[in-house]
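Position one of the sequence shown corresponds to residue 134 (our numbering), numbered consecutively onward. Presented below is the structure to which this report refers.
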Amino acid sequence: MTSERLDPPGFETSLGALAAEIGPATVQGNGAVRVRGIRQDSRAVGQGDLFVARKGERVDGLAFVQTAIDKGAAAIMAQQDHAPGDLPVPVILVRDIRVAISKAASMIYGHPGKALDVVGITGTNGKTTSSYLVQAAIDGTGRRAAVLGTLGVHFAGLDLPSSHTTPEADDLIRMAATLRGAGATHLVMEVSSHALAQHRADAMRYRVAAYTNLTRDHLDFHGTMEAYAQAKSRLFEELSPESAAIMIDDAFGMELASKVKCPLVRVSRHATSNADVRPCSTIEHDIRGTRCEVSTPSGKVALASPLVGEHNLSNMLLALGIVSALGLPMDGAAQSLDAKITVPGRLERCDGPGDDVIVLVDYAHSPDALERALLAIRSLTHARVICVFGCGGDRDRTKRPLMGDIAGRLSDVAILTNDNPRSEPPQSILDAVLEGLKGKKAEVVVEPDRARAIDLAIAGAHAGEVILLAGKGHEPYQIIGDVTRHFDDREEARRALSERRARQQGKVG
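Structure (structure tokens):
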């Protein structure tokens with residue numbers, strides 16, 4: 134996120150007042166010193182800012198204290214058990230620095246998370262698509278909603294990238310303040326399990342907390358599925374949402390729904406469910422999209438959307454459940470989902486009118502997401518399906534054979550390639566995925582170079598076949614070792630399609 138573009142004026146406050154707000158905290162030095170902003174990145178520090186010297190996994194903020202002071206930091210925040218030595222500026226010491234950052238940022242920037250109507254969406258898959266659908270639905274009722282998540286900030290012509298699904302607390306609060314100043318009435322935000330575990334999103338007033346699903350992912354961070362689930366549950370059990378909208382189509386959704394203390398809208402894609410929002414007619418799926426009638430607490434509404442697949446039906450129903458929880462008019466919300474809503478890197482079409490194959494790019498990088506994407510494609514075509522995929526390095530290793538198993542069962546050709554290997558040897562990742570591909574029906578091709586793998590898929594496809602490029606979606610980069618280079622599956626697909634058309638025209642000529 135480019136801080137210069139999202140830098141609202143802070144509400145100047147003294148260190149003493151800040152310590153009283155975020156306590157328990159103590160001030161070493163002059164408590165009357167005033168701060169106007171808060172930063173964890175020393176490179177972004179400006180005159181009068183409070184610099185947070187937090188010890189991270191790879192770097193220690195204490196190493197950048199002098200840099201921050203040289204750039205104008207008025208004070209330093211540090212953890213009590215990790216305090217700096219003597220400094221020329223005052224220091225505020227806190228017991229839990231992550232909790233303190235969230236509270237301090239909220240106070241400094243005027244509590245924007247309490248002024249906006251915030252919708253927080255958590256779950257393994259579907260957060261991004263659901264958030265874009267909720268934005269469209271809210272806008273369809275005459276309000277002005279902003280989206281903040283994996284794809285960055287999206288509001289009224291403002292589109293900025295983000296390095297995290299849910300930004301660090303100081304960035305998040307600063308963004309919320311800017312969006313509020315720009316006229317947003319609602320903020321629809323993806324709330325990741327990492328953010329919940331690290332208290333990044335604690336300073337928001339959640340009008341609605343929403344849940345999509347829980348499947349295997351992020352075990353490199355959480356360790357166990359139980360810890361992963363517990364992190365998700367914080368949004369509902371500790372952050373005191375005013376209402377909730379919960380998909381009850383998995384066991385954890387049912388468990389959450391049984392525990393929440395606030396008003397609840399239950400959502401299901403199954404017509405036989407007792408959910409508050411559910412289909413109540415035959416569901417029509419085809420290449421044009423999804424259509425059905427939906428039962429809601431406000432009555433029946435017609436749903437028609439260009440989005441395809443069972444997983445997107447769930448996303449649309451959850452969006453209507455959130456609108457219901459907000460108490461907004463359902464008709465306008467449902468009609469807004471008729472529009473052609475394109476979510477970057479989510480079953481995004483890359484082929485055009487002159488192409489004889491279908492190419493879809495999807496962010497599916499977990500077993501469940503890959504299965505959902507392939508099942509959606511299978512439901513729309515009897516043609517061969519070619520899947521280009523890989524697994525990221527320095528992430529949950531246990532999911533690699535599972536991804537191979539799914540691609541091997543649900544595609545006709547599985548082309549295994551590099552995703553973002555990061556610091557791991559690429560071949561070791563490929564070998565782990567190949568274990569899951571053994572004995573499956575798909576023809577298996579291994580091509581580590583992702584651009585060449587995409588070329589192979591598109592050049593080798595027959596007319597009418599479908600190619601899924603899975604794993605990277607909207608990402609415009611690839612990380613190999615410590616090098617991040619520009620790479621976009623969509624650009625590579627369009628290039629390969631152009632070359633395919635040129636070859637076809639050459640043969641005709």
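Idealized CB from N, CA, C, for every residue including glycine.
(1) With a threshold of 8 Å, are at least 3 pairs of Cβ atoms found where one atom belongs to the stretch 238–246 and the other to the stretch 320–338?
(2) Say whether the stretch 503–514 touches the stretch 302–321, bearing in mind that this needs 3 or more beta-carbon pairs closer than 8 Å, one atom from each stretch.
(3) Does GLU371 pass the burial test, meaning 16 or more other C-beta atoms within 10 Å, or should it be called exposed?
(4) Which residues in the same chain as VAL518 place their Cβ atom closer than 6 Å to its Cβ, once the five residues preceding and following it in sequence are excluded?
(5) Which word fits THR257, buried or exposed, when buried means at least 16 other C-beta atoms lie within 10 angstroms of its C-beta?
(6) Of the choices ASP419, VAL410 and SER431, whose alpha-carbon is the least far from that of ASN448?
(7) Under the three-state reduction of DSSP, which class applies to ASP292: helix, strand or coil?
(8) Any idea what DSSP makes of SER136, helix, strand or coil?
(9) Taking one C-beta from the stretch 552–565 and one from the stretch 589–597 each time, how about it: are there three or more such pairs within less than 8 Å?
(10) What does DSSP give as the partner residues of ASP495 in its beta bridges?
(11) Would you report the Cα separation of ARG277 and ILE271, rounded to the nearest angstrom?
(12) Look at the Cβ atom of THR617, then the Cβ atom of ARG583, and state whether they are nearer than 8 Å.
(13) Kindly provide the ranges of any alpha helix (DSSP H) runs that are 4 or more residues long and lie completely inside the stretch 527–564, ordered along the chain.
(14) Looking at the secondary structure, which residues open and close the alpha helix (DSSP H) in which GLN199 lies?
(15) For a minimum of 3 consecutive residues, which ranges assigned as the beta strand (DSSP E) are wholly contained in the stretch 172–245?
(16) Return the residue from the list ILE612, ILE416 and ALA211 that minimises the CA-CA distance to GLY526.
(17) Terminal residues of the continuous beta strand (DSSP E) containing THR617?
(18) Between VAL574 and ARG542, which are expected to be in contact by the criterion C-beta below 8 Å, what is the C-beta distance as a whole number of angstroms?
(19) Identify, in the order they occur along the chain, each residue of the same chain with its Cβ nearer than 7 Å to the Cβ of VAL476, setting aside the five sequence neighbours on each side.
(20) Relative to the alpha-carbon of ASP383, which residue among ARG231, GLN637, HIS444 and ASN346 has its alpha-carbon at the smallest distance?
(21) Just to confirm before moving on: does the CB-CB distance between PRO374 and VAL341 stay below 8 Å?
(22) Check whether the stretch 295–312 touches the stretch 490–501, taking contact to mean three or more Cβ pairs, one atom from each stretch, closer than 8 Å.
(23) Taking buried to mean at least 16 other C-beta atoms within 10 Å of its own C-beta, is VAL192 buried or exposed?
(24) The alpha helix (DSSP H) spanning PHE385 covers which residue range?
(25) Please determine if the stretch 182–196 and the stretch 207–219 are in contact, where contact requires at least 3 C-beta pairs separated by less than 8 Å.
(26) The beta strand (DSSP E) spanning ILE519 covers which residue range?
(27) Spell out the partners DSSP gives SER438 in its beta bridges.
(28) Hey, how far is the Cα of GLY569 from the Cα of ARG169?
(29) Indicate whether the contact test is met: 3 or more Cβ pairs, each with one atom in the stretch 161–179 and one in the stretch 195–207, closer than 8 Å.
(30) Would GLU632 be called buried (16 or more neighbouring beta carbons within 10 Å of its own) or exposed?
(31) If VAL166 sits next to LEU148, beta carbons under 8 Å apart, how far is it from one beta carbon to the other, in whole angstroms?
(32) For GLN331, is the classification buried or exposed, using 16 other Cβ atoms within 10 angstroms of its Cβ as the cut-off for buried?
(33) Can you look up PRO141 in the DSSP assignment and give me helix, strand or coil?
(34) Out of curiosity, what's the CA-to-CA distance linking SER431 and ASP564?
(35) Can you tell me whether GLU481 is helix, strand or coil according to DSSP?
(36) Taking the straight line between their C-alpha atoms, what separation do you get for LEU630 and VAL252?
According to the structure shown:
(1) yes
(2) no
(3) Counting from one through the sequence shown, the residue named residue 371 turns up at place 238. GLU371 should be labelled exposed.
(4) Here residue 518 refers to the residue found at position 385 of the sequence shown. The residues are ILE510, SER544, ASP545 and VAL599.
(5) Taking the first residue of the sequence shown as position 1, residue 257 is located at position 124. Answer is buried; the Cβ neighbour count reaches 16.
(6) Taking the first residue of the sequence shown as position 1, residue 448 is located at position 315. Ranking ASP419, VAL410 and SER431 by Cα distance to ASN448 puts VAL410 first.
(7) Start at 1 with the first residue of the sequence shown, and residue 292 comes out as number 159. The answer is strand: DSSP assigns ASP292 an E or B state.
(8) Residue 136 sits at position 3 when you count from the first residue of the sequence shown. For SER136, the predicted model reports a pLDDT of 38, less than 50, meaning its position is unreliable and no value from the coordinates is stated.
(9) no
(10) Along the sequence shown, read from residue 1 onward, the residue named residue 495 stands at position 362. ASP495 is bridged to ALA603.
(11) Walking along the sequence shown from the start, residue 277 turns up at place 144. Walking along the sequence shown from the start, residue 271 turns up at place 138. Their backbone Cα atoms lie some 7 Å apart in a straight line.
(12) The residue you call residue 617 lines up with position 484 of the sequence shown. The residue you call residue 583 lines up with position 450 of the sequence shown. For THR617 and ARG583, no; Cβs fall outside 8 Å.
(13) 533–543
(14) Stepping through the sequence shown from its first residue, residue 199 is reached at position 66. Unbroken alpha helix (DSSP H) run through GLN199: 198–203.
(15) 182–185, 208–212 and 224–227
(16) Position 393 of the sequence shown, counted from the start, is the residue given in the question as residue 526. Looking at the Cα atoms, ILE612 is the closest of the given residues.
(17) On the sequence shown, residue 617 is found 484 positions in, with the first residue counted as 1. Looking at the DSSP string, the run of the beta strand (DSSP E) that includes THR617 is 616–619.
(18) Locating residue 574 in the sequence shown gives position 441, counting from the first residue. Locating residue 542 in the sequence shown gives position 409, counting from the first residue. In the sequence on display, residue 574 carries Lys and not Val. At roughly 7 Å, the Cβ-Cβ gap stays under 8 Å, so LYS574 and ARG542 are in contact.
(19) For the purposes of this step, residue 476 is identified with residue 343 of the sequence shown, where counting begins at 1. THR261, THR262 and TYR265, listed in sequence order.
(20) Along the sequence shown, read from residue 1 onward, the residue named residue 383 stands at position 250. The candidate whose alpha carbon is nearest that of ASP383 is ASN346.
(21) Here residue 374 refers to the residue found at position 241 when the sequence shown is read from its first residue. Here residue 341 refers to the residue found at position 208 when the sequence shown is read from its first residue. Cβ atoms of PRO374 and VAL341: closer than 8 Å.
(22) no
(23) Counting from 1 along the sequence shown, the entry for residue 192 is found at position 59. Its Cβ having fewer than 16 others within 10 Å, VAL192 is exposed.
(24) Within the sequence shown, numbered from 1, the residue matching residue 385 stands at position 252. Element bounds for PHE385: 384–392.
(25) yes
(26) Residue 519 sits at position 386 when you count from the first residue of the sequence shown. Start and end: 518–522.
(27) The sequence position of residue 438 within the sequence shown is 305, counting from 1. DSSP, once it has assigned bridges, lists THR423 as partnering SER438.
(28) Along the sequence shown, read from residue 1 onward, the residue named residue 569 stands at position 436. Along the sequence shown, read from residue 1 onward, the residue named residue 169 stands at position 36. Cα-Cα distance, rounded: 54 Å.
(29) yes
(30) Mapped onto the sequence shown, residue 632 falls at position 499. Label assigned to GLU632: exposed.
(31) Locating residue 166 in the sequence shown gives position 33, counting from the first residue. Locating residue 148 in the sequence shown gives position 15, counting from the first residue. Yes, VAL166 and LEU148 are in contact; Cβ-Cβ is about 5 Å, under 8 Å.
(32) Along the sequence shown, one-based indexing puts residue 331 at 198. With 16 or more Cβ atoms within 10 Å of its Cβ, GLN331 is classed as buried.
(33) Translated into the one-based positions of the sequence shown, residue 141 becomes position 8. In the structure shown, PRO141 sits in coil (DSSP, three-state: anything other than H, G, I, E or B).
(34) Residue numbering aside, residue 431 sits at position 298 when the sequence shown is read from its first letter. Residue numbering aside, residue 564 sits at position 431 when the sequence shown is read from its first letter. Distance between the alpha carbons of SER431 and ASP564 is about 52 Å.
(35) Along the sequence shown, one-based indexing puts residue 481 at 348. It is a strand residue.
(36) Working through the sequence shown from its first residue, we reach residue 630 at position 497. Working through the sequence shown from its first residue, we reach residue 252 at position 119. About 39 Å.
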